[in-house]
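**Student:** Please find one structure pasted underneath; my questions will follow.
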Amino acid sequence: MPGYALALHGGAGTILREEMNEELEKAYLHALEEALNVGYAILERGGSAIDAVTQCCVVLEDNVLFNAGKGSVFTNSGTHEMDACIMDGNSLRAGAVTCVHGIRNPILLAAEIMQHSEHVFLSGKGAVDFALSRGIATVPEDYFFTQFRYDQWMSARDQQGTFLDHNSQAKGNAIPNKKFG
Amino acid sequence: TVGVVARDISGNIAASTSTGGMTNKNYNRIGDTPVIGSGTYANNKTCAISCTGHGEIFLLAVAAYDVSCLMEYRDYSLQQAMDLVVNTKLVQMKGEGGMIGVDADGNISMQFNSLGMYRAARNNEGYHEVAIYK
């Protein structure tokens, strides 16, 4: 029987062991396992790869531990601005969104663009207008608030820099505000 | 940033990536995640890729599509192609981060040049991994 397989990631960075306590590490490993099980179960019952990568991504977006959807970081102006993309290797079709606010699961919006629009890539308010026209779930801005990300934002502002998903917030770890955002 | 790649029982592959961007980002800054070929790519002939890391560098490197091209035009395996892009090209460009990939045969590879990457993978031949650090 031909193989089926799934892999997922929850972000990269200089994750420092000393900043990761046992309880937090367990929470992350459990969250990864939970998402893996959702995606893999779809493949196991003969579902499509595009459905597996969509639903598995939704689980990760809904988990505050990861910088996507509900756990998204703060922008310089204190909002949550999200991007997402999905691509089908069989049809070579794709859908993408960038700089959207208030969309509960940006990956579902990207999938909607791929499947129900003649476009590939929508941005900003226009992308949200399309989401509303297609009944994609929207949520108020405070749905995205997490104390951890708020503290990270404060630290980045103090250091006049930016952080990758899981970079240590220790002094000097912020990426200075130069050409690369 | 989060991402998923998969190969189903019919041999089709797909990729998805989603992100909240960078903390304290300004000017509607966009990273690699939503850019097809940089942060996300899928082609049944080669591989499905999802990236995470310093978006500006992954954009400039057209990282995800580069892996697919190495496989299609230079007959690299998924592992070889991802290793070259993540551990040589991106390192030379000072691009921190990693990527996950699956190829048309269901082989999985997860490569990163940072200290850690949250990742998990499973296939129908018993392989099952959930990890954070190298």
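From first to last, the protein sequence lines stand for chains D and C. Mapping the first sequence onto the working numbering, position 179 (from 1) lands on 181, and the numbers just tick up by one. Mapping the second sequence onto the working numbering, position 66 (from 1) lands on 70, and the numbers just tick up by one. Built from N, CA and C at the ideal position, the CB exists for glycine as well.
1. For a contact defined as C-beta to C-beta under 7 Å, what are the partners of C:Ser54 on chain D?
2. If you measure between the beta carbons of D:Val99 and D:Leu62, is that distance less than 8 Å?
3. Grouping DSSP H, G and I as helix and E and B as strand, with all else coil, what is D:Leu10?
4. At a Cβ threshold of 8 Å, is D:Lys180 touching chain C?
5. Name the one or two DSSP bridge partners that C:Ile103 has.
6. Closest Cβ-Cβ distance between D:Asp131 and chain C: below 8 Å?
7. Measure the C-alpha to C-alpha separation of C:Asn47 and D:Asp160 and round it to an integer number of angstroms.
8. What residues in the stretch 116-131 of chain C bring their beta carbon closer than 9 Å to a beta carbon of chain D?
9. In chain D, what lies closer than 8 Å to C:Met114 by C-beta?
10. In this structure, does DSSP put C:Ile17 in helix, strand or coil?
11. Which residues does DSSP list as the beta-bridge partners of C:Ile61?
12. Counting only beta-carbon atoms, is D:Asp193 nearer than 8 Å to chain C?
13. Chain C partners of D:Arg159, CB-CB under 8 Å?
14. Between the stretch 67-85 of chain C and the stretch 107-118 of chain D, are three or more C-beta pairs nearer than 8 Å?
15. Given that a residue counts as buried once 16 or more other Cβ atoms are within 10 Å of its Cβ, and exposed if not, what is C:Thr56?
16. Tell me the rounded alpha-carbon separation between D:Cys101 and D:Pro142.
17. List, in chain order, every chain D residue whose beta-carbon is nearer than 8 Å to that of C:Val134.
18. Give a yes or no on whether 8 Å exceeds the smallest Cβ distance from D:Thr100 to chain C.
19. Is DSSP giving C:Tyr31 helix, strand or coil here?
20. Tell me whether D:Gly80 sits in a helix, a strand or coil according to DSSP, three-state version.
21. Following the continuous alpha helix (DSSP H) through D:Gly41, name the residue where it begins and the one where it ends.
22. To the nearest angstrom, how far is the alpha carbon of D:Gly126 from that of C:Gly130?
23. Name, in chain order, the residues that DSSP records as bridge partners for C:Glu133.
24. Using only alpha-carbon positions, find the residue among D:His118, D:Phe147, D:Gly73 and D:Asp85 that is nearest to D:Arg95.
25. In angstroms with no decimal places, state the Cα-to-Cα distance between D:Ala37 and D:Lys28.
26. With which residues is D:Gly97 paired in a DSSP beta bridge?
27. Can you round the beta-carbon distance between C:Ala52 and C:Ala19 to whole angstroms, since I take them to be within the 8 Å contact cut?
28. Hey, is D:Ser50's beta-carbon within less than 8 Å of any beta-carbon in chain C?
29. Mind the definition here: the stretch 120-130 of chain C touches the stretch 31-51 of chain C only if three or more C-beta pairs lie below 8 Å; say whether that holds.
**Tutor:** Straight from the coordinates:
1. His11
2. no
3. strand
4. With a pLDDT of 32 at D:Lys180, under the threshold of 50, the modelled position of this residue cannot be trusted; read the value that follows with caution. It does not: the Cβ of D:Lys180 has no partner Cβ on chain C nearer than 8 Å.
5. The residue you asked about is not Ile; residue 103 of chain C is Met in the sequence shown. Its beta-bridge partners are C:Cys55 and C:Gln115.
6. no
7. 43 Å
8. Phe116, Asn117, Ser118, Leu119, Gly120, Met121, Tyr122, Arg123, Ala124, Ala125, Arg126, Asn127, Asn128, Glu129 and Tyr131
9. Ala9 and His11
10. strand
11. Partner(s): none; C:Ile61 has no beta bridge.
12. Limits of chain D in this structure are 3 at one end and 183 at the other, which puts residue 193 of chain D out of reach.
13. Asn28
14. no
15. buried
16. 16 Å
17. Leu31, Leu34, Glu35 and Leu38
18. yes
19. coil
20. coil
21. Glu24 to Glu46
22. 42 Å
23. C:Ala125
24. D:His118
25. 14 Å
26. D:Ile88
27. 4 Å
28. yes
29. no
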